[in-house]
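Residue 4 is where the sequence shown starts when you use this note's numbering, and the numbers rise one by one after that.
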Amino acid sequence: MSRSLTLPRFAALVDGIEMTPDLITGLVTAALMQGDVVKTALYETVIPDVAPSKRAFPNAIARSISRGEIFDDSFARDLETLITMLDGQIKDCTHVYWNGDENHVRGGYECTFTEPGTAPLKAAVSELDLLHDTVLACLSASRALRETTALIEQ
């Protein structure tokens with residue numbers, strides 16, 4: 004993932020953030036809702052599309068979502084691993100080739116061909132990415148509230 008070279012200053016990033024239990028509740032609600040979307044994508048798109056020998060891992064993630072066990076670091080790591088695995092599968096189904104054209108300034112141009120059936124998998128990966136981000140936001144917000152409370156009580 005490439006990052007911009009002109010990142011905002013840290014003070015600008017946290018300006019206006021008010022960490023409250025209500026904010027965390029909103030983040031948790033969004034993550035649970037996104038979990039339901041991802042569970043459907045796993046069962047309908049991902050699991051049928053991956054090799055039978057690799058289906059246990061996305062099945063385990065779907066079961067964790069069903070049980071509501073998504074708010075820990077290991078689940079976030081599992082999501083990241085699955086996203087990486089699926090990105091590799093999408094990359095294997097994407098082919099770049101040269102299209103020669105005598106009328107083109109450079110004699111042709113690059114074209115990308117994605118094998119049929121890859122679009123639903125790309126959409127599922129986008130949903131997995133969003134769940135990963137919302138789970139990390141929940142974990143970070145929760146830690147921030149706990150750490151703040153601990154510092155105030157010292």
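Think of the CB as a built atom: it goes at the ideal place given N, C-alpha and C, for glycine as much as any other residue. The model shown is predicted, which means the values in this text are computed figures rather than measured ones.
When you compare only the Cα positions, how much space is there between residue i and residue j?
i, j, result
"Ala147", "Ile86", "26 Å"
"Pro61", "Ser143", "24 Å"
"Asp3", "Glu83", "Outside the displayed span of the chain (4 to 157) sits residue 3, for which this structure offers no information."
"Asn102", "Ala127", "30 Å"
"Glu1", "Ser67", "The question about residue 1 has no answer here: the residues shown for the chain are numbered 4 through 157."
"Leu139", "Ala79", "7 Å"
"Leu8", "Asp136", "With a pLDDT of only 49 at Leu8, under 50, the local geometry of the prediction cannot be trusted, and the value read off the model is given with reservation. Whole-angstrom Cα-Cα distance: 22 Å."
"Asp104", "Phe116", "17 Å"
"Cys141", "Lys125", "25 Å"
"Thr121", "Glu21", "41 Å"
Could you pull the start and end residues of the alpha helix (DSSP H) that residue i belongs to?
i, result
"Cys141", "Thr121 to Glu156"
"Lys42", "Pro24 to Ala44"
"Phe60", "Ala59 to Arg70"
Quick one: give me the first and last residue of the beta strand (DSSP E) that residue i is part of.
i, result
"Glu113", "Gly111 to Thr117"
Which of the three DSSP states is assigned to residue i in this structure?
i, result
"Ile99", "The residue asked about is misnamed: residue 99 is Val in this sequence, not Ile. Three-state result, Val99: strand."
"Val49", "helix"
"Glu1", "Given that the chain is displayed from residue 4 to residue 157, the structure contains no residue 1 and the question cannot be resolved."
"Phe74", "coil"
"Glu21", "coil"
"Asp90", "helix"
Can we say the region 88-95 touches the region 105-115, given the rule of at least three CB pairs closer than 8 Å? Counting C-beta pairs closer than 8 Å gives fewer than three between the region 88-95 and the region 105-115, which falls short of the contact rule.
Does the count of Cβ pairs from the region 21-39 and the region 62-73 closer than 8 Å reach three? Enough Cβ pairs lie closer than 8 Å, so yes.
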